[in-house]
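Structure record follows, encoded as structure tokens.
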Amino acid sequence: MFSANDTIVAIATPAGRGGIGVVRISGPETRRIAKALTARDEPLEPRRATFVRVRAAGGAIDQAVVTLFPAPHSYTGEDVLEISAHGSPVLLRAIVEAAMRHGARLAEPGEFTLRAYLAGRIDLVQAEAVRDLVEAVTPVQ
């Protein structure tokens, strides 16, 4: 069920394999989930890319670069964590599932942008432009 007050997670890069894939987490539990997912004792430094091991219940999933964007100075206006890991779809899904086990829910399509709009970080025209850019198939679009 949709709620603008919970913590969401999703793969932020296109489907398929690639060298890098990004998982994004946003919401009030982002920092707690970040601590649970990373093999790191000290807190993440805001807006600083940090090399960490990402872990799940069974142990390490991958080595990744994580960046914490604290509220209100993030895309959604909430705490946001971006995990840049190797781009295997299996690996990225494992990271999403680990975040969900720690309390995040799978984001609906466009929900990060919706939250940015609701927080006043972007206006309706900008939100629609994000959708248009994501769906563009030609340079003119």
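For reference, each letter of the sequence shown is one residue, going 1005 to 1145 in this note's numbering.
A virtual CB, placed ideally from N, CA and C, is assigned to each residue, including glycine.
Taking the continuous alpha helix (DSSP H) assigned at Val1013, which residues delimit it? Translated into positions along the sequence shown, residue 1013 becomes position 9. Careful: Val1013 lies outside any alpha helix (DSSP H), inside the beta strand (DSSP E) at Ile1012 to Ile1015.
Sub-9 angstroms separation of Thr1011 and Gly1031 beta-carbons: Numbered from 1 along the sequence shown, position 7 holds the residue referred to as residue 1011. Numbered from 1 along the sequence shown, position 27 holds the residue referred to as residue 1031. Yes. Within cutoff.
State the CB to CB distance for the pair Leu1072 and Ala1040, rounded to an integer number of angstroms; the pair is presumed to be in contact (CB under 8 angstroms). What you label residue 1072 is simply residue 68 of the sequence shown in a count that begins at 1. What you label residue 1040 is simply residue 36 of the sequence shown in a count that begins at 1. That pair is no contact at about 14 angstroms.
Could you say if the region 1045 to 1054 and the region 1092 to 1107 meet the contact criterion of at least three C-beta pairs nearer than 8 angstroms? no
Identity of the residue in Ile1087, Ala1014 and Glu1033 nearest Phe1055 by Cα: In the sequence shown, the residue the question calls residue 1055 occupies position 51. That would be Ile1087, whose Cα lies nearest to the Cα of Phe1055.
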